[in-house]
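Protein chains in written order, with the working numbering: chain C, 1055 to 1167; chain Z, 144 to 258. The C-beta atom is built at its ideal place from N, Cα and C for all residues, glycine as well.
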């Protein structure tokens, strides 16, 4: 079945540093989504990517949809303490409303003030 | 983004009882909703796809008789955990997308603890 490999599994960085995480898949997706999840809450959508090669920013966050459609990365610039949380990549295939969303294993980010 | 709300946010029940979790799309109609389960320190695992007016589609390994899904309207899907056992304790999260859009929006999650 579909598998997403997300790395790194965890990161402990100093405030102000940049962060990079990525996901690779054994299969092709037509949508890549990046979410952040805080403890005890549902995932919150950060960035959505719709086509191969697309590069999208949301404030200090930048994500790209890989050319092969099998990978994506998320960068966070100038990290701040509130960036702490678990970041998930997710790939979606199929039609717009019924396509399943498959999640990566998550990257736990800790930021030291 | 679209708003998806779940209720209850947490529930504690005795082993053998059934628990119902509601998922509502507050400002849009959702013909399809998805139910996920998340164990501590793990990722979200898709349990089933809930289709309005028809039977849900379950992922491999998910017991349809144990996890009953009813999508009776375009804004409400319910997940009922029947005869719950301690191993069913988990964080259950639903999601939905706007018609024609590929982003999925998630509810706040419902934490089930079975004693």
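So the beta strand (DSSP E) residue 1073(C) belongs to, where does it begin and stop? Here the beta strand (DSSP E) through residue 1073(C) covers 1073-1079.
Burial state of residue 147(Z), where buried means 16 or more other Cβ atoms lie within 10 Å: Flag for residue 147(Z) reads buried.
Suppose only complete runs of 3+ residues qualify. What are the beta strand (DSSP E) ranges in the stretch 1127-1160 of chain C, listed by chain order? List check, beta strand (DSSP E) in window: 1139-1146, 1155-1157.
If you compare alpha carbons, which of 255(Z), 249(Z), 254(Z) is closest to residue 1091(C)? Residue 1091(C) has its Cα closest to that of 249(Z), out of 255(Z), 249(Z), 254(Z).
Taking just the CA atoms, how far does residue 173(Z) sit from residue 236(Z)? Using only the alpha carbons, I get a separation of about 15 Å.
Hey, is the stretch 1066-1084 of chain C in contact with the stretch 1159-1167 of chain C, meaning 3+ C-beta pairs nearer than 8 Å? Verdict: yes, contact present.
Taking the Cβ atom as the reference point for each residue, do residue 1154(C) and residue 189(Z) lie within a distance shorter than 7 Å? Cβ atoms of residue 1154(C) and residue 189(Z): closer than 7 Å.
Of the listed residues 1138(C), 1121(C), 1124(C), 1076(C), nearest to residue 1088(C) (C-alpha basis): If you compare the alpha carbons of 1138(C), 1121(C), 1124(C), 1076(C) with that of residue 1088(C), the shortest gap goes to 1076(C).
Give the straight-line distance between the Cα atoms of residue 217(Z) and residue 194(Z), rounded to the nearest whole angstrom. Each residue's Cα considered, the two are about 9 Å apart.
Closest by CA to residue 1123(C), which one among 1108(C), 1062(C), 1159(C), 1074(C)? Among 1108(C), 1062(C), 1159(C), 1074(C), the Cα nearest to that of residue 1123(C) is on 1108(C).
Nearest to residue 253(Z) by alpha carbon, out of 225(Z), 205(Z), 169(Z), 179(Z)? When only C-alpha atoms are compared, the closest one is 179(Z).
Close-in-space but distant-in-sequence residues of the same chain around residue 1147(C) (CB under 6 Å, 5 per side omitted): So the qualifying residues of the chain are 1083, 1084, 1153.
Residue-level contact to chain Z via CB, residue 1159(C), 7 Å cutoff: So, interface residue.
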